[in-house]
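Here the sequence shown is numbered in full-length UniProt numbering, starting from 1 and rising by one per residue. Glycine included, every Cβ here is placed at the ideal spot set by N, Cα and C. Here the structure is a predicted model, which is why all the values come from computation and not from measurement.
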Amino acid sequence: MALDAKGRLSVPTRHREVLQLLCQGRLTVTKHPDGCLMLFPRPTWEQFRDKVAALPMSAAGWKRVFLGNAMDVDIDSAARVLISPELRKSAGLKNDVMLLGMGSHFELWDAETHAAHEAEVMAGPLPDALKDFSF
Numbered sequence: 001m002a003l004d005a006k007g008r009l010s011v012p013t014r015h016r017e018v019l020q021l022l023c024q025g026r027l028t029v030t031k032h033p034d035g036c037l038m039l040f041p042r043p044t045w046e047q048f049r050d051k052v053a054a055l056p057m058s059a060a061g062w063k064r065v066f067l068g069n070a071m072d073v074d075i076d077s078a079a080r081v082l083i084s085p086e087l088r089k090s091a092g093l094k095n096d097v098m099l100l101g102m103g104s105h106f107e108l109w110d111a112e113t114h115a116a117h118e119a120e121v122m123a124g125p126l127p128d129a130l131k132d133f134s135f
């Protein structure tokens, strides 16, 4: 998958109809602690935003990261979403990107960064939370 020259991401066909029904094509994009971007359907973003806003002052820095960098975007008539230059730069997004469905939201990664991150995760030990998980 690729960003176009203007930094627009084509929303995959399999997600377009659901996103139109769920949020009328209205999304919010913000930074993720792992260096990628998170794309939320607007109603899901509002729930996440409220949880972040309720965090104690000890988390003020992360509040700024999540809330201060959030940008509302709409899926355009050509089924594209514009990723701002600031957010593209912060996530190191070049041309080739990966869009991962994460249940309640999407993650948008630079393809090369994602491959390196995934290789690191796969090389590490299984976390305790997954030790008794049945595959």
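- Counted as a single uninterrupted DSSP element, the stretch harbouring Met1 is not any alpha helix (DSSP H), since DSSP gives it neither H nor E.
- For Pro85, there is no enclosing beta strand (DSSP E); the residue is part of the alpha helix (DSSP H) that begins and ends at 85–90.
- Counting along the chain, the unbroken beta strand (DSSP E) around Val73 starts and ends at 71–74.
- In terms of Cα proximity to Trp109, the closest of Ser10, Arg26, Gly35 is Gly35.
- Bounds of the alpha helix (DSSP H) holding Leu21 are 13–23.
- Looking at the DSSP output, Arg26 bridges to Asp74.
- By a beta-carbon distance limit of 8 Å, Ala91 contacts Leu37. Their separation comes to about 5 Å.
- In the displayed model, Leu108 falls within a strand according to three-state DSSP.
- In this structure, Thr113 lies away from Ala70, with their beta-carbon atoms at least 8 Å apart.
- Val52 and Phe66 do touch by the CB rule: their CB atoms are close to 5 Å apart, below 8 Å.
- In the structure shown, Gly124 adopts coil according to DSSP, grouped into three states.
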